[in-house]
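K.L.:
The structure's right below; bear with me while I get my questions together.
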Amino acid sequence: MARMDSEQRKKQILECAKKLFARKGYYQTQISDIQHEAGVARGTIYQYFKNKDDIFKTLLENLHKDMKEVISSKPANLEEDFSSGEKVFRYRIKKAFALFANDPDYCNLLLRVGLGLGDSFDSILGRFDRQMVELIKSYLVSGIKLGRVKPDIDPVLMSNVIGGGFMRMAYFYGVTGKGSKTEEFEQLTENFVNAFAYGIFLEKP
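Counting from 1477, one number per residue, gives the positions in the sequence shown under this note's numbering.
Rendered as structure tokens:
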């Protein structure tokens, strides 16, 4: 088996910790659990992280960074995929849903495990929420200027509605398990976008 370098080892520890936190919860997961799951010595974990708090914060920060990259991304073929405000919206919502669909442990950390753990964690979670709302608002304001979004909408109100709706749907399907098990995230994207887009954008479907 190939020997892991420093970054690979750190990533492995984080992946193992993420699975344990998502399955057992924050308080029920101990450093010893992460050590055994990762198959490393206890001292190895402390080479990369100060304590359990540091591991969990790093996971939340990574999710914060990944989501920012996802909802700011652009397709390679801009003419085809970004030719209307509705297509921009559809593309980015699909990418955001896919992040959670492809990594449900992230969804659990953000929407279930991390809630109510205290100020240091709440500040990261709050920053995640504000980031999403601010990015949506900036897209709406830009869309109004470009004539792609109805000029009479309230960008602050609508960005909070869309952001809140997205997080609620992610929780419903990713955490509670009450959503349809057979519904793919592509269909979830279609349903979500259709519920919002035709009340926002000027283009006709």
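Where is the CB? At the ideal position from N, CA and C, for every residue including glycine.
1. Per DSSP, what kind of secondary structure is Val-1516 in: helix, strand or coil?
2. Sorted by chain position, which residues of the same chain lie with C-beta nearer than 7 Å to Gly-1593's C-beta, five sequence neighbours on each side aside?
3. Classify Lys-1474 as buried or exposed, calling it buried when 16 or more other Cβ atoms lie within 10 Å of its own Cβ.
4. Write down the C-beta distance between Val-1564 and Phe-1558 rounded to the nearest angstrom, noting that I regard them as a contact closer than 8 Å.
5. Can you grab the Cα-Cα spacing for the pair Met-1543 / Arg-1485, in whole Å?
6. Which ranges does the beta strand (DSSP E) cover as unbroken runs of at least 3 residues, wholly within the segment 1491-1570, from first to last along the chain?
7. Would you call the CB atoms of Val-1669 and Ile-1569 closer than 7 Å?
8. Check whether the segment 1530-1546 touches the segment 1625-1632, counting contact only when three or more Cβ pairs, one atom from each stretch, lie closer than 8 Å.
9. Work out the CA separation of Arg-1624 and Met-1608 for me, nearest whole Å.
10. Would a C-beta distance cut-off of 7 Å place Glu-1513 and Leu-1496 closer than the cut-off?
11. Does the count of Cβ pairs from the segment 1583-1590 and the segment 1517-1527 closer than 8 Å reach three?
12. Can you tell me whether Ala-1552 is buried or exposed, with buried defined as 16 or more other CB within 10 angstroms of its CB?
13. Just the C-alpha distance for Ser-1618 and Met-1645, rounded to the nearest angstrom, thanks.
P.N.:
Let's see:
1. It is coil, neither helix nor strand.
2. This sequence places Leu at residue 1593; Gly is not what is there. Excluding residues within five positions, the ones whose Cβ falls inside 7 Å are Tyr-1502.
3. A query on residue 1474 cannot be resolved here, the shown segment of the chain reaching from 1477 to 1681 and no further.
4. Right, their Cβ atoms sit about 5 Å apart.
5. Going from the Cα of Met-1543 to the Cα of Arg-1485 covers about 23 Å.
6. None, since the segment 1491-1570 contains no complete beta strand (DSSP E) of that length.
7. For Val-1669 and Ile-1569, yes; Cβs fall inside 7 Å.
8. With the cut-off at 8 Å, the segment 1530-1546 and the segment 1625-1632 do not touch.
9. If I take the Cα positions, the gap works out to 20 Å.
10. If you check the CB distance, Glu-1513 and Leu-1496 come in under 7 Å.
11. Touching, no, given that fewer than three Cβ pairs across the two stretches are closer than 8 Å.
12. Counting Cβ neighbours within 10 Å, Ala-1552 comes out exposed, since fewer than 16 surround it.
13. For the pair Ser-1618 and Met-1645, the Cα-to-Cα distance works out to about 25 Å.
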